[in-house]
Each structure stands twice: as structure tokens, then as C-alpha cells.
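Please read the structure below before turning to the comments.
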Amino acid sequence: MELKWKIKPFEALTTHELYDLLKVRSEIFVVEQNCVYLDLDGKDKQALHLIGEYDDKIVAYARLFDAGISFDNASIGRVVVHADYREKKWGHDLMREAIGGIKTHFDKDKITIGAQLYLKKFYESHGFVQSSEMYLEDDIPHIEMIRE
182 MELKWKIKPF
192 EALTTHELYD
202 LLKVRSEIFV
212 VEQNCVYLDL
222 DGKDKQALHL
232 IGEYDDKIVA
242 YARLFDAGIS
252 FDNASIGRVV
262 VHADYREKKW
272 GHDLMREAIG
282 GIKTHFDKDK
292 ITIGAQLYLK
302 KFYESHGFVQ
312 SSEMYLEDDI
322 PHIEMIRE
């Protein structure tokens, strides 16, 4: 049971893919985390969209950015695995694909993320190291982390 991966720039997303990825992001970041915030931050058009599909459904997703868009380094954001599939541990596959996508598409090794604090150990398992003090973003504790 494996995910089918694809990476697309914004312009190549179909309307169905865009709707489905925004739906997954809203289900997790707005509804599940009970956080009212503006998900459509203007950066989707600058991102590469990493999509993991299972049974023709988007179940894993992340945005990939070149250096200078979200951070001075390349970055990964909006990392999400649909709640119904988390027991499969596909978040680890998602991060491996995201890190590989940054290398393949941007030829960068150094990656910065703004991570939710409770996921610190998860990101450490992928080579990220905390690089900032805790800060609140949309009332959720976050830290910056770097992978070199």
C-alpha cells in the first residue's frame, strides 16, 4: 500500500486537485486544530505542490519553496497527512519526498521550516534542528528548524 506522488507548480494543478488540497488543508489546519486563520496567504502561486494520493484521494500534501520566499533558505510548509491515514505513518514518506523535491527542483540542501512545537521530534527524525525560541503563530506554539 503505497502513495502515488506528484509535484506540480500552481499553474499545472487541475481545479479538482486545487479544491482537494485546499479542502485537506482546511480540514486539518482550520477545523481539526480549531484555528481561524487565512490559509490562502498568497504563496501558493510561488510553491511547488507535493501531493500524495491513495485510492485517487489526496491524503498527504506539502508546499515546497525555493530560497527567499518563506525563509532565506528553501522551505517546506503546510505539511499535512489526512487524519484518516495517520496510522500509516505516511508523514515520514511525505517528508522524505519533500526533502528530495527541494534537492531535485531547487538544488538546495539547506531547508528551514516553521514547525508546530509538538512535532519537534518528528522533524528531528528527518534531520531538522531547532533554530529559534518558541513563538506563537495563530495561537499555536511554533519553532523554526533547519536541516543542513
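Its first residue numbered 182, the sequence shown is counted upward by one per residue in this note's numbering.
Just so it is clear, CB atoms sit at the ideal spot from N, CA and C, and this is done for glycine as well.
Just so you know, these numbers come straight off a predicted model, no measurement behind them.
- Burial check for T293: the Cβ neighbour count within 10 Å reaches 16 or more, so the residue is buried.
- In this structure, the CA atom of H263 is about 17 angstroms from the CA atom of A296.
- In summary, M315 is exposed, with fewer than 16 beta-carbon neighbours lying within 10 Å of its beta-carbon over all protein chains present.
- In this structure, L184 keeps its C-beta atom at 8 angstroms or more from the C-beta atom of Y218.
- Secondary structure note for I280: its alpha helix (DSSP H) is the uninterrupted segment 271–287.
- Around the Cβ of H230, a 10 Å sphere holds 16 or more other Cβ atoms; the residue is buried.
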